[in-house]
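Numbering (this note's numbering), first residue to last: -16 to 423. For glycine and all other residues, C-beta sits at the position ideal for the given N, C-alpha and C.
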């Protein structure tokens, strides 16, 4: 039974593509068990461990990625630009859930399983390799000032570095904030910057005209949640009609609720064009609370344009926000920018134990970005010479290269591993000396 879970159809579908290269896969609704890719020898965008890379967490936070955890994530929410930058070549769906298939994945390359458990892997023929190049950069100080959607687009125009000798990039922003009207359902009331929900399953409908040929986002800035006590769920007019006995019962439950049952989390389900996704909100009472309150929910690509989004609230309470936005992100131009980034890329990539090697040829001075999470444990060598390795695009790594052909080699050693081993041996020696001294 355990083996069946580990040998997931998701990974089997990717392996069935018969691709011997180095790539990642993304998925939505097709991950039956955590960390199966580690066992199956694939590279996914999912992760669940008690230790996590802070660079990934920082990137997810600034991209408003739809996950409230720092150490547990399952995908990149099918966002086209994020998949491109992370060298995602395959996207896996389960059954016939084609509505979750991201833009650009047009050809089925592998499948595994039958019936409801069947998984299908679709290929993006313009996927970026593990190493791709930029001819311009964006200073971190300028990048930090950008809105989340502009940041996402900027990463296709220039590499984000603290400093560089490359020219500064010109950033194109073609997304559009869409005007909408709100229609409230039973148990849902609006006030400035807040939605008061007094009935589980209450709905709020956003009506608008989205752009054609675009990905469509629901963005919540500083989204927070505060639950309502049993007393707060009863209106004043209804309260006055209740007997003193019933009122005391509610007040007693209210006092116990404050101590034991105050909510630690809430959920909002967002639906549009048969696509349904969930935004989870954690409060500071949740044991894995990470402080995330900014979320971008990707409702998928639409050729004709989205018209409505319906939010269903799973929990009663007050949902507050600074901004609630609907944004259409045109996909036109993404392919051209992807091709440009991949024109001069890392080739003959080999992944060894604590080592990555490859070859590259560049026609001008460029920054080679490696879609590998940044860590101080990496050391880079260009043509055998140690070269400065920079944090790039918040999450990845970059090397600046001179024109010509180069051999690239990265080695990894866990930070402070050697120092830790040395101190352990030293401690053991001192311990033995103390034992002998005490015996003497």
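Checklist entry - Does DSSP classify residue 129 as helix, strand or coil? => result coil
Item to check | Pairwise C-alpha distance: residue 132 and residue 265 | outcome: 23 Å
Next on the checklist: Going by beta-carbon coordinates alone, are residue 5 and residue 113 separated by less than 8 Å?
Outcome noted: yes
Next on the checklist: In whole angstroms, give me the CA-to-CA distance for residue 181 and residue 218.
Outcome noted: 10 Å
Checklist entry - When we look at the beta-carbon of residue 56 and count the other beta-carbons within 10 Å, is it buried (16 or more) or exposed? => result buried
Next on the checklist: Within a Cβ cutoff of 6 Å, which residues of the same chain sit near residue 67, ignoring the five residues on either side of it in sequence?
Outcome noted: 111 and 321
Next on the checklist: Since residue 284 and residue 227 should fall inside the 8 Å C-beta cutoff, what is the C-beta to C-beta distance between them, to a whole number of angstroms?
Outcome noted: Wrong, their Cβ atoms sit about 58 Å apart, outside the cutoff.
Checklist entry - So what does DSSP say about residue 170, is it helix, strand or coil? => result coil
Next on the checklist: Distance check for residue 212 and residue 142, CA to CA, integer angstroms please.
Outcome noted: 49 Å
Item to check | Cα-Cα separation between residue 33 and residue 15, rounded to whole angstroms | outcome: 19 Å
Item to check | Per DSSP, the bridge partner or partners of residue 94 | outcome: 103
Checklist entry - Can you name, in chain order, every residue of its own chain whose Cβ lies under 7 Å from the Cβ of residue 173, other than the five neighbours on each side? => result 165 and 167
Checklist entry - For residue 200, does the three-state DSSP call read helix, strand or coil? => result strand
Next on the checklist: Measuring only the C-alpha atoms, how far is residue 124 from residue 144?
Outcome noted: 9 Å
Checklist entry - What did DSSP end up calling residue 421 once you bin it into helix, strand or coil? => result helix
Next on the checklist: Checking 8 Å against the spacing of the C-beta atoms, do residue 324 and residue 148 come in under that value?
Outcome noted: no
Next on the checklist: Quick check on residue 285: does DSSP put it in helix, strand or coil?
Outcome noted: strand
Checklist entry - Between the beta-carbon of residue 424 and the beta-carbon of residue 48, is there less than 8 Å? => result Because the chain is modelled from -16 through 423, residue 424 falls outside the range shown and cannot be assessed.
Next on the checklist: Cutting at 8 Å between CB atoms, please list the residues of its own chain near residue 328, excluding the five before and the five after it.
Outcome noted: 111, 112, 114, 115, 116 and 343
Checklist entry - Given residue 157, which residues of its chain have a CB within under 6 Å of its CB, disregarding the five upstream and five downstream residues? => result 313
Next on the checklist: Let's see if you can read the secondary structure: which residues bound the alpha helix (DSSP H) around residue 189?
Outcome noted: Unbroken run through residue 189 is the beta strand (DSSP E), 186 to 191; no alpha helix (DSSP H).
Checklist entry - Counting pairs of beta carbons, one from the stretch 384 to 403 and one from the stretch 364 to 374, are three or more of them closer than 8 Å? => result yes
Checklist entry - Taking 7 Å as the cut-off, is the CB of residue 52 close to at least one heavy atom of the ligand ATP? => result Within the structure as shown, the ligand ATP is missing, as the structure has no ligands at all.
Checklist entry - Under 8 Å between the Cβ atoms of residue 310 and residue 121? => result no
Checklist entry - In this structure, what does DSSP give as the bridge partners for residue 116? => result 351
Next on the checklist: So within the stretch 241 to 278, which uninterrupted beta strand (DSSP E) runs reach at least 3 residues, ignoring any that extend past its ends?
Outcome noted: 248 to 255 and 258 to 265
Checklist entry - Nearest-angstrom Cα distance between residue 350 and residue 118? => result 7 Å
Item to check | Euclidean distance between Cα positions of residue 426 and residue -11 | outcome: There is no way to answer for residue 426, as the model of the chain reaches only from -16 to 423.
Next on the checklist: For residue 281 and residue 0, I'd like the C-alpha separation in whole angstroms.
Outcome noted: 27 Å
Checklist entry - Roughly how many angstroms separate the alpha carbons of residue 260 and residue 200, rounded to a whole number? => result 11 Å
Checklist entry - Opposite residue 341 in the DSSP bridges: which residues? => result 391
Item to check | Residue range of the unbroken alpha helix (DSSP H) whose run includes residue 219 | outcome: 219 to 224
Item to check | Host alpha helix (DSSP H) of residue 295 (start-end) | outcome: Element bounds for residue 295: not the alpha helix (DSSP H) but the beta strand (DSSP E), 291 to 296.
Checklist entry - Taking DSSP as the reference, what is the three-state secondary structure of residue 404? => result helix
Next on the checklist: Here's the rule: buried if 16 or more other CB atoms are within 10 angstroms of the residue's CB, otherwise exposed. What is residue 287?
Outcome noted: exposed
Checklist entry - Going by C-alpha distance, which of 169, 195, -16 and 204 is nearest residue 187? => result 169
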